[in-house]
Structure formats: structure tokens, C-alpha cells
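**Q**
Residue numbers (the numbering used here): 40 to 389.
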């Protein structure tokens, strides 16, 4: 693998030159960035995924619940194009799985998907003129809209400072692009992270406010009823974990502390499940020997499992989704002060 990365380095250098030229043109004003007369917060990263943007977007929606907040996203993984407003009864294939997940968790929040963020914002302001705050999901590289605050996420065990550009690595931009960030959040931290570890990580990052976040998992929700399953009862069950996310390591590690037996099936991120998948899932589930056994999926996968096409295939299976929320370690008040101060003081982000 290392030798392959070395062979791809020349292509990474070429890619990096193109990205740096594009950023220079934006910085010099030769490519235009639009400003919006509202607070605009971008949640993004430098790498290709897996930093936890969706739960951090949901965290901000909860933190800014006193404002009329809306979300604009590309809608990655959808089979449609153009502008669409995500509704609670939308289908994941039409909107993308993550937008639909957020919409169902925050049904009153307008959510617009559009490849062109400018067009999505125009639609939002036309149809929801009372909007007070806009969150741009996964938009750090989409510089045609100038965010007033850029939150840059980087994963605890995969810092962008230790990676290189595509295709040899996973970075969409050079690490020096982190200079555009207003705040850096190190995500998916273990609960046991020490002050010394934090200090060491901060020393590797640009001189920006740095915060550390962790995932907090909650009681499981049945996809077929209102039943909830307490985390404390999981030790009684054998689990078949099914995921279509960038990395299931955190979730697998967590479930391993609660269940005596776990078998996993991992699909690629944003996997589009089909009937054939469920044939295999059902066959593997039936091989589990335990009397008490369940299927566990993420909320992101659950919106696909609950689609009109696949719902009939899950009706007879004990499928549960596991909610995840973000916890800012230690300095949450300081972090929220930074965010809310920007939102409260900026009628315009220009």
C-alpha cells in the first residue's frame, strides 16, 4: 500500500497545483465569493469524509434552536440533480441519506439540497424568507459562497496534518488550507483522551481555536415500532451490525463494550441497498445461533432501510437504529460562546 501511494504522489502534486491555483484565484478576488446578509456557518473538512459532519450539523441545530436556522447541502449520493427541498417523507435516493436523516431529526428546519450552493441559498431565501442562520453542510471547498464562520473537522486518529492529497492520500485540499478555518474540531475522540494528548494534537494544528468532540450513543430505536432497547440490555443480545458509512470503528468499539457477540457487514459509504443485499443480510442473520438477536444500523442507514422500496423487506426483521450525538469535551461553553457570538452580532457575514 505504501509503495502504491508513492507511485501516486506525482498525481497528487499535479492535483495540488490545480487546487492551490483555484484557491489563489478566490483569495485574489478573480473568482468571486458571494456574501449573504445572514450569518453563514460552514461545517466541513479537508479529507474525503468520515469526520462526523452530520452529527456536528445536528449539534449546531440543537445549539441554535432559538434561531430560525436552515441547512443547505449538496445532497451527496442522491439520484436526482438540481434544487430540492428535503421533506420528512422524502426518499433517500432523491435527497441523499444524510440530509434526510437530519430532516427527520429536525422536521421544522428547512433543508435544501443543490449542487450549486448559491442556487440552494436563493431557493431557501425565496421560500423561507424568515431564515436567520444558514448552515452549509460539507462546504469548505465550495468557495463560491463566503461563510462568515468556517468550522473545520478533523478526526482524532486521522488528522489532516498526517495525510496527503488525493489520489495518494485522502485530502481534497493541502493541509495549509486549514488557515481559512475559524475553529478546528478534533472529532471522534475517545472518552479517555488526556490533557497531554490534546496538547500534543494542538501543537500539530494551525494556530486556531481547537476543540475536541466525542460521540455519545443513545438507546436503540426499532425501525418497525415505537419500541426502544436500552443500551444496558444489549449484553443479552447477539448483534448483526450493518453499516454503509466511511468508518464503523467507533460504533463497533462502543457496541463491543455492551454486547457479548457481534458480527458485522460493512458496505461502502452511502451504499444504496437493494433486495439482493437483504437476501444476504437475512441469510447471515438466520445463521446467528443466539435466541436473542437483533440487527443494528446507523441512523444514516436507517433512512434507506425505511424507504418505500426496502421497507417491506425489513418488516419481519428486528432492526434497530442507534442514535448518535456530539459532545464537546471540556470547553463546550467557550465553543458555544464563539458560535453564538458570531450569530448574534453578525447581521451580515460580509
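From the three backbone atoms N, C-alpha and C, an ideal C-beta is built for every residue, glycine too.
Go ahead and label residue 86 buried or exposed: buried means 16 or more other beta carbons lie within 10 angstroms of its beta carbon, across all protein chains shown.
**A** By the neighbour-count rule (16 or more Cβ atoms within 10 Å), residue 86 is buried.
**Q** When burial is assigned at 16 or more other CB atoms within 10 Å of the CB, is residue 201 buried or exposed?
**A** Classification for residue 201: exposed.
**Q** If you compare alpha carbons, which of 105, 192, 298 is closest to residue 249?
**A** Ranking 105, 192, 298 by Cα distance to residue 249 puts 192 first.
**Q** So the alpha helix (DSSP H) residue 155 belongs to, where does it begin and stop?
**A** First-last for residue 155: undefined, no H or E at that position.
**Q** Rounded to whole angstroms, what is the Cα-Cα separation between residue 190 and residue 275?
**A** Rounded to the nearest angstrom, the two C-alpha atoms are 40 Å apart.
**Q** Could you round the C-beta distance between residue 96 and residue 79 to whole angstroms and report it? I think they count as a contact, below 8 Å.
**A** The pair is not a contact, with the Cβ atoms about 13 Å apart (cut-off 8 Å).
**Q** Indicate whether the contact test is met: 3 or more Cβ pairs, each with one atom in the stretch 294–307 and one in the stretch 100–108, closer than 8 Å.
**A** They do not touch, by the three-pair rule.
**Q** To the nearest angstrom, report how far apart residue 195 and residue 92 are at their CA atoms.
**A** If I take the Cα positions, the gap works out to 14 Å.
**Q** In whole angstroms, what is the alpha-carbon distance linking residue 262 and residue 321?
**A** Looking at the two C-alpha atoms, the distance is approximately 16 Å.
**Q** Taking the beta strand (DSSP E) that residue 282 falls in, what are its first and last residues?
**A** From DSSP, the beta strand (DSSP E) with residue 282 extends over 277–282.
**Q** In terms of alpha-carbon separation, which member of 284, 348, 302 lies closest to residue 314?
**A** Residue 314 has its Cα closest to that of 348, out of 284, 348, 302.
**Q** Which of the three DSSP states, helix, strand or coil, is assigned to residue 180?
**A** If DSSP states are grouped into helix, strand and coil, residue 180 belongs with coil.
**Q** On a CA-only basis, which of 257, 123, 182 is nearest residue 272? Give me that one, please.
**A** The shortest Cα separation from residue 272 among 257, 123, 182 belongs to 257.
**Q** Considering only the beta carbon of each residue, do residue 336 and residue 281 sit closer than 8 Å?
**A** Yes, they are a contact pair.
**Q** Using beta-carbon positions only, say whether residue 135 and residue 162 come within less than 8 Å of one another.
**A** No, Cβ-Cβ distance for residue 135 and residue 162 is not below 8 Å.
**Q** Measure the alpha-carbon distance for residue 203 versus residue 133 and round it to whole angstroms.
**A** Approximately 33 Å between the Cα atoms of the pair.
**Q** Just to confirm my understanding: we take residue 127, look at its own chain, exclude 5 residues before and 5 after, and list those with CB closer than 8 Å. What are they?
**A** Hits under 8 Å: 142, 143, 146.
**Q** Could you check where the beta strand (DSSP E) with residue 384 kicks off and where it finishes?
**A** Element bounds for residue 384: not the beta strand (DSSP E) but the alpha helix (DSSP H), 371–384.
**Q** Does the Cβ-Cβ distance between residue 51 and residue 208 come in under 8 Å?
**A** Their beta carbons are under 8 Å apart, which means residue 51 touches residue 208 by this criterion.
**Q** Sort 254, 374, 352 by Cα distance to residue 90 and report the nearest one.
**A** Of 254, 374, 352, the residue nearest in Cα terms is 254.
**Q** Considering only residues of the same chain and omitting the five flanking positions on each side of residue 54, which have a CB-CB separation below 8 Å?
**A** For residue 54, where only same-chain residues beyond five positions count, the Cβ hits under 8 Å are 204, 205, 206.
**Q** Output yes or no for whether 8 Å exceeds the beta carbon distance between residue 172 and residue 366.
**A** The answer is no: Cβ separation not under 8 Å.
**Q** Skipping 5 residues on each side, what residues in its chain have a beta carbon closer than 7 Å to that of residue 219?
**A** Closer than 7 Å at Cβ, skipping near neighbours: 189.
**Q** Within this structure, are the beta carbons of residue 285 and residue 88 separated by less than 8 Å?
**A** Yes, the Cβ-Cβ distance between residue 285 and residue 88 is below 8 Å.
**Q** Under a three-way DSSP split, which group does residue 288 fall into?
**A** Helix.
**Q** Spatial neighbours of residue 389 within its chain, please: C-beta separation below 6 Å, excluding the five flanking residues on both sides.
**A** Low per-residue confidence applies at residue 389: pLDDT is 42, beneath 50, and the placement is therefore not dependable, though the value from the model is reported in the following sentence. Counting only Cβ-Cβ distances below 6 Å, and skipping sequence neighbours, we find 74.
**Q** Could you tell me which residues DSSP puts in a beta bridge with residue 73?
**A** Beta-bridge pairing links residue 73 to 184.
**Q** Going by the CB atoms, is the gap between residue 339 and residue 140 shorter than 8 Å?
**A** Taking 8 Å as the Cβ cut-off, residue 140 and residue 339 qualify as a contacting pair.
**Q** Apply the 10 Å Cβ neighbour rule to residue 211 and answer buried if 16 or more other Cβ atoms are within range, or exposed otherwise.
**A** Answer is buried; the Cβ neighbour count reaches 16.
**Q** Run the CB neighbour count on residue 137, radius 10 Å, all protein chains shown included, and call it buried at 16 or more, exposed below.
**A** Counting Cβ neighbours within 10 Å, residue 137 comes out buried, since at least 16 surround it.
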